[in-house]
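Undergrad: Heads up: the sequence shown begins at 263 in our numbering, then just goes up one per residue.
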Amino acid sequence: MADADIGLIGLAVMGQNLALNMRDRGFQVAVYNRTTSRVDDFLAGPATATDIIGCHSIQALVAAVAPPRRILLMVRAGAAVDDLIAELVPHLQAGDCLIDGGNSHFADTARRQRRLAEREILYGGAGISGGEEGARHGPSIMPGGDARAWPLIQDLFQTIAARVDGVPCCQWIGDEGAGHYVKMVHNGIEYGDMQLIAEAYLLLRAGLGLGVDEIQTIFAEWNHGVLDSYLIEITAQILQVRDDDGEPLIDKVLDRAAQKGTGSWTATSALELGVPLSLIGEAVFARFLSAMKDERLRATTRLPAGLLSFSVEQGKFVDRIHDSLYAAKICSYAQGYMLMREAASAYGWQLDPGGIALTWRGGCIIRSRFLNDIKAAFDNDPNLENLLQDDFFREELARTLGNWRKTAAMAIGLGLPTPALTAALAFYDGYRCAHLSANLIQAQRDYFGAHTYERVDRPRGERFHTDWTSAEPQEPVSVRQGP
263 MADADIGLIG LAVMGQNLAL NMRDRGFQVA VYNRTTSRVD DFLAGPATAT DIIGCHSIQA
323 LVAAVAPPRR ILLMVRAGAA VDDLIAELVP HLQAGDCLID GGNSHFADTA RRQRRLAERE
383 ILYGGAGISG GEEGARHGPS IMPGGDARAW PLIQDLFQTI AARVDGVPCC QWIGDEGAGH
443 YVKMVHNGIE YGDMQLIAEA YLLLRAGLGL GVDEIQTIFA EWNHGVLDSY LIEITAQILQ
503 VRDDDGEPLI DKVLDRAAQK GTGSWTATSA LELGVPLSLI GEAVFARFLS AMKDERLRAT
563 TRLPAGLLSF SVEQGKFVDR IHDSLYAAKI CSYAQGYMLM REAASAYGWQ LDPGGIALTW
623 RGGCIIRSRF LNDIKAAFDN DPNLENLLQD DFFREELART LGNWRKTAAM AIGLGLPTPA
683 LTAALAFYDG YRCAHLSANL IQAQRDYFGA HTYERVDRPR GERFHTDWTS AEPQEPVSVR
743 QGP
């Protein structure tokens with residue numbers, strides 16, 4: 263009997279927890295997994311006291327869901343999604359709705375939407391953040407795709423999403439792959455936040471020589487101020503955990519960070535769109551460098567350090583690191599919002615920057631008090647060019663800038679790698695700099711490749727070329743631009 267409100271395919275941990283979340287909030291759920299024994303294990307285990315419907319075939323799942331059908335795909339990104347869609351389509355009707363809740367690339371989501379629209383099947387991609395806990399108790403959800411799907415899934419998604427101040431952390435993002443794109447940027451910012459926190463930990467541990475317990479106390483205190491966030495909170499919790507021998511478990515964890523690729527996607531998109539996403543790019547590269555563990559061990563015995571000596575009061579040093587982490591975090595979000603703005607222009611999306619901040623306030627990995635300030639910035643000026651130009655953030659950067667510079671200088675002098683912290687500062691200085699050294703780069707390009715250049719004393723868009731090898735002064739040749 264077709265009476266389920268929603269069908270869910272894919273019973274890994276995220277899928278299971280979302281199914282239980284939906285059932286807890288009054289939705290009748292039907293589930294299916296390609297390895298059907300997992301369906302039975304789920305019904306006999308986590309879902310044993312529920313009325314979740316277990317299905318052992320695609321056809322049975324489709325038949326169990328009331329039309330117009332809503333089916334959530336929670337499978338591995340890539341070819342598996344296309345294969346699953348191919349299996350589903352023969353059993354679907356016009357007006358049915360498929361939503362990909364995995365970490366698919368936004369371009370794949372757009373392609374699938376266009377293809378399924380030809381069959382009048384509504385397709386979308388929903389970025390879902392919050393990990394296992396979020397999926398079970400309330401994630402942040404970033405749905406996008408065919409706008410006709412939103413009325414079908416709005417109540418479901420906003421009911422199971424996290425809520426902050428009564429507002430669901432789920433808003434419609436935009437057309438085609440917009441939902442998955444915003445989730446991708448979320449993950450890029452997450453990479454940046456995690457790297458910045460790790461660099462702060464390194465400065466406290468190796469720079470100041472503090473013990474794990476002392477650093478744990480510092481992070482716990484930081485979580486009650488402007489740095490209040492999920493990632494700071496869990497960092498304090500991680501530093502409390504002891505191994506079987508009573509020593510801090512963090513000291514037993516190999517310093518080699520893995521990744522699933524969404525941070526790289528964010529950096530790649532920034533390169534394609536010409537957005538200086540330097541902090542997030544450095545966070546991705548830092549993970550690559552961490553993976554070179556054996557080579558780093560060899561290099562540490564062969565390469566000189568050339569360290570400088572510093573003398574600073576412990577409390578003052580801690581305050582400097584705090585302010586540096588906060589200032590760099592502002593730049594991280596500014597870069598993420600720059601990328602989303604450029605993507606919206608390039609792909610024709612109508613993104614709501616303030617709404618995205620609301621969506622990220624709860625449930626997701628980068629949730630923080632800080633996001634309220636971002637929402638306020640766009641409420642004050644919906645056409646805000648850059649978060650750095652908002653009065654609040656401009657004043658916060660002015661307040662913390664001195665400590666940020668001193669921390670970066672000390673990290674460099676002590677030979678402690680802080681690529682994200684220093685990249686953020688370089689970005690800030692570049693963004694506020696009226697005259698960069700790029701004029702020399704463009705002259706070099708014109709010298710060896712006749713790539714032309716613009717002049718500061720002529721209208722923008724007018725191009726010139728010079729024979730730089732001539733020893734005699736010469737008038738540059740104006741170059742006519744093609745149609």
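Here a beta-carbon is modelled for each residue, glycine too, at the ideal position from N, C-alpha and C.
For the beta strand (DSSP E) that contains V291, what are its first and last residues?
TA: Indexing the sequence shown from 1 puts residue 291 at position 29. Where V291 is concerned, the enclosing beta strand (DSSP E) stretches over 291 to 294.
Undergrad: Spatial neighbours of A411 within its chain, please: C-beta separation below 6 Å, excluding the five flanking residues on both sides.
TA: Numbered from its first residue, the sequence shown carries residue 411 at position 149. Shown here for A411: same chain residues with a beta carbon closer than 6 Å to its own, the five before and five after excluded, namely C359, L384, G386 in chain order.
Undergrad: V741 lies in the alpha helix (DSSP H); which residues open and close that run?
TA: Residue mapping note: residue 741 aligns to position 479 of the sequence shown, counting from 1. No alpha helix (DSSP H) contains V741, which is instead part of the beta strand (DSSP E) from 739 to 741.
Undergrad: What span of residues does the beta strand (DSSP E) with C217 cover, start to end?
TA: The chain is shown from 263 up to 745; residue 217 falls before or after that span and cannot be answered.
Undergrad: Between which two residues does the beta strand (DSSP E) containing R725 stretch?
TA: As a first step, residue 725 is located in the sequence shown; it is residue number 463 there, counting from the start. Unbroken beta strand (DSSP E) run through R725: 725 to 727.
Undergrad: Kindly indicate the opening and closing residues of the beta strand (DSSP E) around R332.
TA: For the purposes of this step, residue 332 is taken as the residue at position 70 of the sequence shown. Where R332 is concerned, the enclosing beta strand (DSSP E) stretches over 332 to 335.
Undergrad: Go to G387, then tell me how far its beta strand (DSSP E) extends in each direction, as first and last residue.
TA: Locating residue 387 in the sequence shown gives position 125, counting from the first residue. It spans 384 to 391 - the beta strand (DSSP E) in which G387 sits, taken as one unbroken run.
Undergrad: Less than 8 Å separating the beta-carbons of G624 and G400?
TA: Translated into the one-based positions of the sequence shown, residue 624 becomes position 362. Translated into the one-based positions of the sequence shown, residue 400 becomes position 138. Yes, the Cβ-Cβ distance between G624 and G400 is below 8 Å.
Undergrad: Below 8 Å between beta carbons: does that hold for K591 and F654?
TA: Counted from its first residue, the sequence shown places residue 591 at position 329. Counted from its first residue, the sequence shown places residue 654 at position 392. Not in contact: K591 and F654 (Cβ atoms no closer than 8 Å).
Undergrad: For P510, which of helix, strand or coil comes out of DSSP?
TA: If you number the sequence shown from 1, residue 510 lands on position 248. Three-state result, P510: strand.
Undergrad: Could you check which residue in N701, Q355, G471, A322 has the C-alpha nearest to that of E575?
TA: To locate residue 575, count along the sequence shown from 1; it is residue 313. E575 has its Cα closest to that of G471, out of N701, Q355, G471, A322.
Undergrad: Looking at G439: is its Cβ nearer than 8 Å to the Cβ of T528?
TA: In the sequence shown, residue 439 corresponds to position 177, counting from 1. In the sequence shown, residue 528 corresponds to position 266, counting from 1. Contact: no.
Undergrad: Mind checking whether F550 and P681 have CB atoms under 8 Å apart?
TA: By 1-based counting over the sequence shown, the position of residue 550 is 288. By 1-based counting over the sequence shown, the position of residue 681 is 419. Not closer than 8 Å, so no.
Undergrad: Please list the segments of the alpha helix (DSSP H) lying wholly inside the region 419 to 467, counting only runs of 4 or more residues, in order along the chain.
TA: 440 to 464
Undergrad: Roughly how many whole angstroms lie between the Cα atoms of A372 and E724?
TA: Locating residue 372 in the sequence shown gives position 110, where the first residue counts as 1. Locating residue 724 in the sequence shown gives position 462, where the first residue counts as 1. Roughly 38 Å separates the two Cα atoms.
Undergrad: Do you know how far the Cα of Q521 is from the Cα of V291?
TA: The residue given as residue 291 occupies position 29 in the sequence shown. The residue given as residue 521 occupies position 259 in the sequence shown. C-alpha separation (whole angstroms): 32 Å.
Undergrad: Compare the beta carbon distance of H353 and Q321 with 8 Å and say whether it is the shorter of the two.
TA: In the sequence shown, counting from the first residue as 1, residue 353 sits at position 91. In the sequence shown, counting from the first residue as 1, residue 321 sits at position 59. A contact, by the Cβ cut-off of 8 Å.
Undergrad: As an exercise, report each continuous alpha helix (DSSP H) stretch of at least 4 residues that is fully enclosed by the region 509 to 563, in chain order.
TA: 524 to 535, 540 to 552, 555 to 562
Undergrad: With DSSP collapsed to three states, give me the class of A682.
TA: Here the question's residue 682 lines up with position 420 in the sequence shown. Helix at A682.
Undergrad: Could you spell out the range, first to last residue, of the alpha helix (DSSP H) harbouring L489?
TA: Here residue 489 refers to the residue found at position 227 when the sequence shown is read from its first residue. Careful: L489 lies outside any alpha helix (DSSP H) and carries neither H nor E.
Undergrad: Is it buried or exposed for V301, if we count other Cβ within 10 angstroms and need 16 for buried?
TA: Counting from one through the sequence shown, the residue named residue 301 turns up at place 39. Classification for V301: buried.
Undergrad: In the DSSP assignment, the beta strand (DSSP E) including G406 goes from what residue to what residue?
TA: If you number the sequence shown from 1, residue 406 lands on position 144. Segment 402 to 407, the beta strand (DSSP E) holding G406.
Undergrad: Are there three or more Cβ pairs, one per stretch, closer than 8 Å when the region 664 to 674 is compared with the region 576 to 595?
TA: yes
Undergrad: Indicate the three-state DSSP secondary structure (helix, strand or coil) for I618 in the structure shown.
TA: As a first step, residue 618 is located in the sequence shown; it is residue number 356 there, counting from the start. The answer is helix: DSSP assigns I618 an H, G or I state.
Undergrad: Near A326, what residues of its chain come up, given a Cβ to Cβ distance below 7 Å and the 5 sequence neighbours on each side ignored?
TA: To locate residue 326, count along the sequence shown from 1; it is residue 64. The beta carbon of A326 sits closer than 7 Å to those of A264, A266, G269, A292, I315, C317, all from its chain and outside the five residues before and after it, given in chain order.
Undergrad: Consult DSSP for I627 and reduce its assignment to one of helix, strand or coil.
TA: One-based indexing of the sequence shown puts residue 627 at position 365. DSSP places I627 in coil when its eight states are reduced to three.
Undergrad: Do M336 and G363 have their C-beta atoms closer together than 8 Å?
TA: Locating residue 336 in the sequence shown gives position 74, where the first residue counts as 1. Locating residue 363 in the sequence shown gives position 101, where the first residue counts as 1. Yes; because the gap between Cβ atoms is below 8 Å, this pair is in contact.
Undergrad: In the DSSP output, what is Y715 paired with across the bridge?
TA: The residue labelled residue 715 in the question sits at position 453 within the sequence shown. Answer is F726, bridged to Y715.
Undergrad: Starting from I268 and walking both ways along the beta strand (DSSP E), at which residues does that stretch end?
TA: Here residue 268 corresponds to residue number 6 of the sequence shown, with the count starting at 1. It spans 268 to 271 - the beta strand (DSSP E) in which I268 sits, taken as one unbroken run.
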